[in-house]
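K.L.:
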Amino acid sequence: MRLSAGLLLSSFIVLCRAPLPAEPDLYSFPEVDASKPKTAEAKPVNPFARSLSKKMEMPEEVLSEAIASGMGRLELIRLILISKKSGKPLPDLLKQRNKTRFSKIAAEAKADNAAIKKEAMAILETMEAELKAAKPAAGTEAPKDKPQ
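So the sequence shown is numbered by our numbering: it starts at 47 and just counts up by one.
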């Protein structure tokens, strides 16, 4: 019994010290062909930004970038209204909003902040109602009963 255990142990040690066949490094990354530049894919436009741009006649790109950077829907509508009433470009107001409050922006634009807020709330409610009434995305609607 001792002899077979010793033989088994010695063969195991010999096998462990034997060189293994060449294997690819498990933590290496595949080589990327640098001759083919990666094409930039266009980001999908937010549905709210699309409908807001049609309703308020503003560029979709500016609105979708603002939403992607964390701007809220009501904030965006308020800034659009201030932009239309003051004549200032929307991108400038977006940059200014990151630094100051709405009351200061409205005061500089000589617009009534409370009236703009009420108007923005009304616009937001109608737009959200329109978006809810729109056809739902695939797979989100409840299945219909099949006629027998």
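Cβ atoms here follow ideal geometry from the backbone N, Cα and C, with glycine treated the same way.
Along the alpha helix (DSSP H) that carries Ser81, what are the first and last residues, could you check?
P.N.:
Locating residue 81 in the sequence shown gives position 35, counting from the first residue. Neither: Ser81 is in no alpha helix (DSSP H) and is coded neither H nor E.
K.L.:
Which full runs of the alpha helix (DSSP H) of 4+ residues lie inside the region 117-166, going along the chain?
P.N.:
Runs found: 119-132, 136-143 and 148-154.
K.L.:
Would you call the CB atoms of Ile113 and Ala155 closer than 7 Å?
P.N.:
As a first step, residue 113 is located in the sequence shown; it is residue number 67 there, counting from the start. As a first step, residue 155 is located in the sequence shown; it is residue number 109 there, counting from the start. Not in contact: Ile113 and Ala155 (Cβ atoms no closer than 7 Å).
K.L.:
Along the chain, where does the alpha helix (DSSP H) containing Glu111 start, and where does it finish?
P.N.:
Here the question's residue 111 lines up with position 65 in the sequence shown. Segment Glu106 to Ala114, the alpha helix (DSSP H) holding Glu111.
K.L.:
Quick check on Ser81: buried or exposed, where buried means 16 or more other Cβ atoms within 10 Å of its Cβ?
P.N.:
In the sequence shown, residue 81 corresponds to position 35, counting from 1. Burial call: exposed.
K.L.:
Could you give the C-beta distance for Lys163 and Arg124, rounded to a whole number, given that I count them as a contact under 8 Å?
P.N.:
Working through the sequence shown from its first residue, we reach residue 163 at position 117. Working through the sequence shown from its first residue, we reach residue 124 at position 78. Yes, Lys163 and Arg124 are in contact; Cβ-Cβ is about 6 Å, under 8 Å.
K.L.:
So is Leu140 buried or exposed if we call it buried at 16+ other beta carbons inside 10 Å?
P.N.:
By one-based count along the sequence shown, residue 140 stands at place 94. The residue is buried, with at least 16 neighbouring Cβ atoms inside 10 Å.
K.L.:
In three-state terms, what does DSSP make of Pro90?
P.N.:
Sequence index remark: in the sequence shown, residue 90 carries index 44 (1-based). Pro90 falls in the coil class under three-state DSSP.
K.L.:
Inspect the beta-carbon positions of Asn170 and Leu120 and report whether they are closer than 7 Å.
P.N.:
The residue you call residue 170 lines up with position 124 of the sequence shown. The residue you call residue 120 lines up with position 74 of the sequence shown. In the sequence on display, residue 170 carries Leu and not Asn. Yes, the pair counts as a contact, with Cβ atoms nearer than the cut-off.
K.L.:
Taking the straight line between their C-alpha atoms, what separation do you get for Gln142 and Lys100?
P.N.:
Sequence index remark: in the sequence shown, residue 142 carries index 96 (1-based). Sequence index remark: in the sequence shown, residue 100 carries index 54 (1-based). Answer to the nearest angstrom: the Cα atoms are 24 Å apart.
K.L.:
Using 10 angstroms around the beta-carbon of Ala95, count the other beta-carbons present and answer buried if the total reaches 16, otherwise exposed.
P.N.:
Within the sequence shown, the letter at position 49 stands for residue 95. So Ala95 counts as buried.
K.L.:
Is the beta carbon of Ser110 closer than 7 Å to that of Val91?
P.N.:
As a working mapping, residue 91 is identified with position 45 in the sequence shown. As a working mapping, residue 110 is identified with position 64 in the sequence shown. Their beta carbons are under 7 Å apart, which means Val91 touches Ser110 by this criterion.
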